[in-house]
Every structure is written in C-alpha cells, then in structure tokens.
C-alpha cells in the first residue's frame, strides 16, 4: 500500500472519528483491508470484524485509479483480536458467499505494520 493511500485512509478515519486525533496508539488497534467488494458497506465490514473485538470506527475509500476499495477499522481495546493476528480473507461470509472456499488463506496485516513498512508510522 502506498503512502498516499494510507494517508487518505487515516484522514478519512480522523474525519469520521475526530477523537482518535488525540489517541497516539490508535494505529496499534487498526486494520487495513484491501480489495473490499463494492457490495460491502462500512457497516457490513464492521459487523464481520466485531466477531473478533469491538470496533470503534470504520471507513471505506474507493481508489478510482485502481478501481479498488480499501478500508480501515479501529478496535476499541488493545485486546481486540483482529488487529493482532490478522483474519484469513476466506473467513468472510461476504467474500465466500457463506461457504468456505478452497485454497490458501491470506492474513490481513495490522495498519501499524503497513505504516511501518512504508515509513508512515
């Protein structure tokens, strides 16, 4: 993920939840999700991840140049499971149509890890 895209996600998230601006640790509780289908609303994405911990904020952005959607979720507590270990992409009923597809699972990295890889942390 490039820096501009990460910056856009963080700005959109802070616009939606301004209280996060005063929280220097929110990226530790954040998760970036790439390739979100157009039929998935922010609420549906939030619902899926609430199975792994309470979600404080969710934002989805569309990258017109790439034709992709990317989302960011922030958990309310450090104990939220989704930001610590990543969730296999094929565990989502929205992606798999309620059935488990064959093939390898893809782990989704925490937002903090993505930011560190690109020098945004």
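In UniProt numbering, the protein residues as written are 1 to 121.
All C-beta atoms in this analysis are idealised placements derived from N, C-alpha and C, irrespective of residue type, glycine included.
Query                                                                                              : Result
Endpoints, the beta strand (DSSP E) within which residue 37 is located                             : Run containing residue 37: none; DSSP gives neither H nor E here.
Inter-stretch contact (C-beta, 8 Å, three-pair minimum) for the segment 3-18 and the segment 45-52 : no
Candidates 44, 62, 63: closest to residue 55 by CA position                                        : 44
Identity of the residues DSSP links to residue 59 by a beta bridge                                 : 72
Contact belief for residue 36 with residue 9 at Cβ below 8 Å, rounded distance in angstroms        : About 12 Å separates the two Cβ atoms, so there is no contact after all.
The ligand NAP heavy atom lying under 8 Å from the CB of residue 35                                : Ligands displayed in this structure: none; no statement on the ligand NAP is therefore possible.
Alpha helix (DSSP H) segment containing residue 16, residue limits                                 : 3-16
Residue burial classification, residue 76 (beta-carbon count within 10 angstroms, cutoff 16)       : exposed
Status (buried if at least 16 other CB within 10 Å, exposed otherwise) for residue 64              : exposed
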